[in-house]
């Protein structure tokens, strides 16, 4: 940017995976904070009533958000593996973590499907609790390390510029 250029698309490319994965990570934290309220013993009965219709109406827009954010993170990371010589491996590892997020789909979809169908009336919160455990594991061991890779890559590539 020493040339006086106001907008540098290369800088945008370098930080895009970090920004979008930051949004994804916050979305994970937000979901955990929100949904945890339904497994608290005093809220379970209300959760059993609310969760089936909530998941039914929330699933499509939620998936749209997830696919958009993870798609942008992965796509920008892959582009950076070709464009960022010194930091391409960090972008590449981050892209692998981004794709690994979807390895949890089979297990997570079972819990979500059970909630939508209202299986085990009176104990729907147990499906949510299972989903929350999987969600926490995925967030801590997949999403967060991916974010760290993108942070490292962005810092190194911008420092080199």
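Numbering (our numbering), first residue to last: 1 to 161. Built from N, CA and C at the ideal position, the CB exists for glycine as well.
Residue environment, residue 53, which counts as buried when at least 16 other CB atoms sit within 10 Å: Residue 53 sits at position 53 when you count from the first residue of the chain shown. Its Cβ having fewer than 16 others within 10 Å, residue 53 is exposed.
Range of the contiguous alpha helix (DSSP H) that encloses residue 164: Since the first residue shown for the chain is 1 and the last is 161, residue 164 is missing from the structure and cannot be characterised.
Residue environment, residue 33, which counts as buried when at least 16 other CB atoms sit within 10 Å: Counting from 1 along the chain shown, the entry for residue 33 is found at position 33. So residue 33 ends up on the exposed side.
Distance, residue 45 Cα to residue 231 Cα: Since the first and last residues shown for the chain are 1 and 161, residue 231 lies out of range.
C-alpha distance - residue 1 paired with residue 142, whole-angstrom precision: Residue numbering aside, residue 1 sits at position 1 when the chain shown is read from its first letter. Residue numbering aside, residue 142 sits at position 142 when the chain shown is read from its first letter. Its pLDDT being 47, under 50, residue 1 is placed unreliably in this model, and the value from its coordinates should be taken loosely. Rounded to the nearest angstrom, the two C-alpha atoms are 33 Å apart.
Which listed residue (22, 40, 122) has its alpha carbon closest to that of residue 66: On the chain shown, residue 66 is found 66 positions in, with the first residue counted as 1. Among 22, 40, 122, the Cα nearest to that of residue 66 belongs to 22.
Segment contact flag, the stretch 144-157 with the stretch 55-69, C-beta cutoff 8 Å, min 3 pairs: no
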